[in-house]
Structure formats: C-alpha cells, structure tokens
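Undergrad:
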Amino acid sequence: MKIARQKATTLLSLLLIFLMSCKEEPAHYDDAAIVDEQQTTDWLAYGRTHNERRFFPADQINTQNVAGLKPDWFVELPTDVGLVSTPLVVDGVLYFTGTMNVIRAVDALNGNPIWEYDPKVGEVVKGKHQIGWVHNRGITFYEGKIFTGTWDGRLIALDAKTGQEIWNVRTFSEDSALYITGAPKAFKGKVLIGNGGTENGPTRGWVAAYDADTGAEAWRFYIVPGNPADGFENDAMKMAAATWTGEWWKHGGGGNTWHGLTYDAELDQLYIGTGNGSPWNRKIRSPEGGDNLFLCSVVALDPDTGAYKWHYQTTPGESWDFNSNMDIILADLTLEGKPVKALLHAPKNGFFYVINRETGKLISAEPFVETTWATHVDKATGRPVEVEGARYEEGRAVLTPGAWGGHSWHAMSYNPETGLAYVPALHQAFTYSDEGIELANWQAVPFYGGMGVNLSNPDREPRNYPASLIGWDPVKQEKVWSIPQNITPNAGTLTTAGDLLFQGRADGWLLAYDARTGAELWSYDTGLGIAAPPISYTLNGKQYIALLVGWGGGYAGMGGEMAYSYGWSYRTHSRRLIAFSLDGKAELPPVPPPNYPKPIVDADFEIDAELAEQGAMLYGLCSSCHGLNLFSGGMAPDLRASVIPLDFATFASVVRDGAKADLGMPPRPEFTDEQLKALQHFIRRGAAAFAGRYDAFIEEIKAGKSKERTGGFSH
Ligand code: CA
C-alpha cells in the first residue's frame, strides 16, 4: 500500500516534471495561434493578433470598475527618449522596444528584468550619413523568436527566451537616407519589412520578406516602377508604369512602406499600406499627370511569393503627403444583411475606407475629418472628387487634412462587440505652394531631401481644436461620438470586451472611456506626454493594462512651438513602463513639472546675418530631432539653451566628430568649419529672437493661451 502510494507519488511527480518541462519548451505560436481572437492572455502581434484590431476580449476590467484602476508595477527607463511602441506579451513575458532600438524583456507580473538587447545603432552608423534614429513602433513575435527592424536598416532575429541574436541581415545600405521605424510582420515562416524616407532624398519604395529561420531574402515587391529601359520586375510594375509620365525614376517615385502591414490568415494574403510620392509634388515627379501606382494604396500580395493580387488607391496622383501607410484592420461586417470580409483603413487623406478584402473593391468611403481637398469619394469609380485648386496649380492652397494627415500612425482600434472603430484624428490645415520652385530642374539631394513644395502655416484652421478621438461606425460610415482635444497628436487606442476604450494624450493623461458612448470613466496623470498605445493581457487570472510613457515621435521632433509648449523637454522626465490593475498598489515617484528651456544670450557673439541664413539651410538636417525653427519638442536638446554650440571646438566634436553618437546624435563628418560656424550663427540668432519674448511666451503657456486657435471653416 505504502509502496503503491509512493509509486503513485513518483508517477505524479514525473508527470508534473514532464508537464513543467513541456512548459519550458518554447510554445509553438504559429499563424493559427496568432490569429486566435478568443485567447485572453497574450498580446502576440503589433495589433495583438494578425487581424490588427487592438481588441482585448477580457472583461475583468470593465465600465463598472475601471474607476478603481491603479498602477500595479512600473519600470523606470531613464536612458530612453521617444517611446512610441506597442509592447508584446507572450507566456508571462513582456517585450518592448525603446530608444535606439534597444529591446527589453521583463516579467509581466512585476516588471523584473529578464534580458536586454542593444543593436548598437549609434556604433554601426558612426561616421556615416544618417538623420536621427531614436524611435521605433514595435517588434514581432513568431515561433519563439523576436524580430526587430533597426533605424539603420537591419532586420534582426532574437531568441525570445535569452535575447541572443540568431540572425541579422541588412535590408539597405547603412549610408542610405532610408530608415526603419515600423514593426516587422511575421507570418507563414517569413518576416516582412519595408522602410521610410520619401522626404530624405530620391527613393523607390519596396517591401521584402525574409525567411524567419535564416534571414535569407525570400521575395521583394517594389511599390513603384523603375526605369522601363531596365525592364520591369513583374507585370504589376508594367501596369504601374502606364500611370507615370516623364522620367519619374530619376526621382525614385517613393511609395515607401514604413507602417501598415497586415497578414490575413483566413484569405491567406498580405495587405501593405503604401507611402506618398517622392517628391510630394506630382508636377515634378510625373509632369504629365497620372495616378502613379502604387503610391497611397492598399496592395494585396501573395504571402508566399510577393506576387501582386489587387490594389485600391486612396489618393491617385498624390501631391500632399497623403500616404496610406496607416493601420489596416481586418473586420467581418454585416452589410445589407450579408456577411462581408472587410478591411478598415483611415489614411492621412481624411476618408475612412471600408474595402472588400476578397475583391479589393471599395465598399464605402466617408470623411472622418474635414476634407477640403476633395468633396467626396465617387462610389462608382472609387476615386476622390478633387476640389479645384487643390493641387496648388493656381498658387497657394490651404488644405485640410495637411501633411500630418487626418490620422497618422497613432493606432486605430476596432471593437467587434460595439461595432465601432476608434480613430485618433487630427484637424490641422497646411498651406501648400510651389511658387518660386523651378519645377523642371528640381532634384532632391540624399539626406537634405525635399518635397518639391513649400509648406506654411494656414491663415485659419478647420476647427478651434487640433485633434479629436472619434468613435466611428464602419457599417453606417458615420461618426457615433467624438471628443475634441486641445492638444496634438494623441496616442493610439486599445479597446476591450469590458466595453472600454483607452488612450494616452500628449499632455500625459491616460484615459478610459465607455467604448459605446465616449463617456470618460477614468483618468490618470502620468506626468509626461504619451505617444504609445496601451495594451492588455491576463496573467495568473489578473487583467492588466500596460503602457510605455515617453513623449516622442515625428510631432515631438517637428511640432515647433506647439510641441515645445508642452514642456516635455529633453531628458527632464524619466520614461516609464507602467502596468495597471484593479488591485494595484505601486507608488510612482513624482516627476518634475513641465520645463521650458530658456535660450542663452551670448552678448559677446556678433551675429552675421549671411552666415545665419546659410545655417538656416543646414539646420534642415537637424530639425527632425532638434525641432522646427529651433523649438525643441523634447526629442533632442533645445540648441538655443545648450552650451555646446557656444564653443566652436565642443560644437565640432559633437556635430562633426560624433562625440554624442551613442545618444543618437549622428555625426556629419563632411561639415566644414565654415558650415559649423554658419550653424552657430543661426542658433545664436534664434536664441536672441526667442529670448526677447520668452517671458511673455511662458505666461501664455501658463494661461493656456498657447493652445487657443481660431478655426471653423467648412467646404
Ligand atoms: Ca511622408
């Protein structure tokens, strides 16, 4: 009896050991697992599943109890700057990508570190031409590996357990003006990645798929045709070439896919959201007109071969940076009583598209923001009906959306239970004009780039608020509710089966709304601007909401005075990863208040007007991080307040010799003493000009006046 019991105990222990060792083995997360909408534990892909809905099907946290949500654990990230990425959660481990493509794995129960991987982006590109490389939107998990694309163009596979590098391939030359900020897409044993850089010089966009096990390139699809004299890669390129005129290949054409990759496991096809033209101005790129395929389109490809299946172009012959790189969400809708396999897409041009993903045919398209460039989309032709003068052919055109778009990369989500899509929308006009540009001889220069069109502030804005959060019904194609926001841009969204919608804002608040009505149910001040979307996961029976808090992204770099006015100055506020739960007890240390770097006035420095003008031209290379018109939004130091430009030798060591390359400051070894001096004069001129109105500006910020805007035009 005793022996029998012992035997039973031994058998039980063996069984336990066997079960535990099974758990030790990497789980086989194949495409079927990644597409499973029912599991309530993990966040397996950029948009949680292959369907990219950002819908979490657990309701432990819900409209009734969300008011009690509290921080459960947090991780301080003092060396990070811009954090814009979506974390992943697999088997109790939370993975995320931070500044300079550093990837960390932490215990999803308490934030304890497991491993860290640093691809040493600064070292790799040291001495080579590059423009900033700080932020990244996400990583990909597939069958035990983590995949990441680095700013400098590498695609890297890591062992998810250890963080050890498995393979590492270069997707473009390290001295190219391209970059990667997006998450790769892993599917069917392959990893897909594109790149960005249409504004950085002549470029011909493409996406490429690599073998997930070896990193060998499996296939490549170009977005736009090359020089016909070189022959076309495929029939799709031949078809596309008929929609271009002039010698477009000299400008590259563009179309670069920096975001918007979706794998449809049900129909076994890929959708890629394609970029804008290079340059933006079609009069330069394709002077006799034409739709310029496949710019600004959703293109369906065969996942095994990369062969073209169908396309739908949202902005034919684009001329405004209205790229279609935004999220592509898969949804099963009921339209006129019939089930339809649809995709949802809200690109920069301001129209919300519902497309039949079996055929590529447009089902409907309605404006979700003001669209003064086009009155509507013609259902019969599927084409936008443009407003006369929108192509700035008669001089200045004040248009909305502007180049920030009606919606950009800030994640849209879709809740199949409420039937609504949630769009972080933008209401900002731009003035476009190519007056004074010699169109026939215009040519972009690598790194110095250019769009072939001049932008300026509009005389008026479409509304008296720059952004909103919209609950949108894709069946009726109408807004169900919207929340005006007096700051921009606000971060991506998460929706749950608890009828909740979460969004972080540029002013540092994370909010929870009733997903059906838009009623505000909970808010939490993180003390620092939010640019990343929240996620949810369940571990040991407890549901968490997790979020990276770390102001960053294009607007933080290029938002100018408005971005500066938020006070999220460079390295003032520690970045954080925060996980919330209903019984959270974590106490977060306070963060410093908003800070506005004060310009240094050097009374002994004599500003040379001509040198300052030359410096202004060179500053175009610096502005995407250090800020438009020298107003830093916090991605890099405000140069007017920095002591480094005051001393020539120190300035040269940083700008020319790369003394701060590891922090993300790319060296410019080709700069002459004269050019460095020109930059110094430009910075001192800007510092002196802002010093004169600094006190008044701060007063305005504190009184909230800096956020006031005059708006209200309709078309
Ligand atoms: Ca663009």
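Numbering (the working numbering), first residue to last: 344 to 1058.
Heads up, the beta-carbon is just placed ideally off N, CA and C, and yes, glycines get one too.
It should be emphasised that the depicted structure is a prediction, and the values quoted were computed from it without experimental measurement.
#1: In the DSSP assignment, the alpha helix (DSSP H) including K1003 goes from what residue to what residue?
#2: For M443 versus W416, is the C-beta distance shorter than 9 angstroms?
#3: Quick one: complete beta strand (DSSP E) runs, 3+ long, within the segment 831-873?
#4: Of all the options L763, Q786 and L387, which has the alpha carbon lying nearest to the alpha carbon of E821?
#5: So for G411, helix, strand or coil by DSSP?
#6: So what does DSSP say about H478, is it helix, strand or coil?
#7: Mapping DSSP to helix, strand and coil, what is N577?
#8: What first and last residue would you give for the beta strand (DSSP E) that runs through D502?
#9: Can you tell me whether DSSP reads W592 as helix, strand or coil?
#10: Classify K366 as helix, strand or coil using the three-state DSSP reduction.
#11: List the residues that DSSP assigns as beta-bridge partners of R447.
#12: How long is the line joining the alpha carbons of P827 and L812, rounded to whole angstroms?
#13: What first and last residue would you give for the alpha helix (DSSP H) that runs through R1027?
#14: In three-state terms, what does DSSP make of F637?
#15: Just to confirm my understanding: we take E368, look at its own chain, exclude 5 residues before and 5 after, and list those with CB closer than 6 angstroms. What are they?
#16: In the structure shown, what three-state DSSP assignment does E709 receive?
#17: Determine the closest residue to R513 out of T915, I499 and R803, with distance taken between C-alpha atoms.
#18: Once you ignore the five residues that flank S985 on each side, which residues in its own chain have a CB closer than 6 angstroms to its CB?
#19: Taking Cβ positions only, does G680 come closer than 9 angstroms to chain C?
#20: Looking at the unbroken alpha helix (DSSP H) that takes in K907, where does it start and where does it end?
#21: So, helix, strand or coil for F399, using DSSP?
#22: DSSP three-state call for N666: helix, strand or coil?
#23: Buried or exposed for Q1023, please, with buried defined as at least 16 other CB atoms from any protein chain shown within 10 angstroms of its CB.
#24: Quick one, are the C-beta atoms of S966 and F398 less than 9 angstroms apart?
#25: So, at 6 angstroms on beta carbons, what are the nonlocal neighbours of V427 in its own chain, with the 5 sequence-adjacent residues on each side left out?
#26: Given this structure, state the Cα-to-Cα distance separating M978 from G970, to the nearest angstrom.
#27: Flag D670 as yes when its Cβ comes closer than 8 angstroms to any non-hydrogen atom of ligand 1, and as no otherwise.
#28: Between the beta-carbon of Y909 and the beta-carbon of D850, is there less than 9 angstroms?
TA: On the basis of the data shown:
#1: Run containing K1003: none; DSSP gives neither H nor E here.
#2: no
#3: 836-839, 843-847, 852-857 and 863-868
#4: L763
#5: helix
#6: coil
#7: coil
#8: R497 to D502
#9: helix
#10: Interpretation of K366 is limited by its pLDDT of 46, a score under 50 that renders its predicted location unreliable; the figure taken from the coordinates is listed afterwards. In the structure shown, K366 sits in a helix (DSSP, three-state: H, G or I).
#11: F439 and E459
#12: 7 angstroms
#13: D1016 to A1034
#14: coil
#15: In this prediction, E368 scores a pLDDT of 47, lower than 50, which makes its location untrustworthy; the coordinate-derived value is nonetheless stated afterwards. Cβ within range, chain order: n/a, list empty.
#16: strand
#17: I499
#18: none
#19: No chain C appears in the structure shown, which is made up of a single protein chain.
#20: Before going further, note that residue 907 is Tyr rather than Lys in the sequence given. Taken as a continuous stretch (DSSP letters only), the alpha helix (DSSP H) holding Y907 covers G903 to Y907.
#21: strand
#22: coil
#23: buried
#24: no
#25: H478, R480, A874, A875, G895 and G896
#26: 8 angstroms
#27: no
#28: yes
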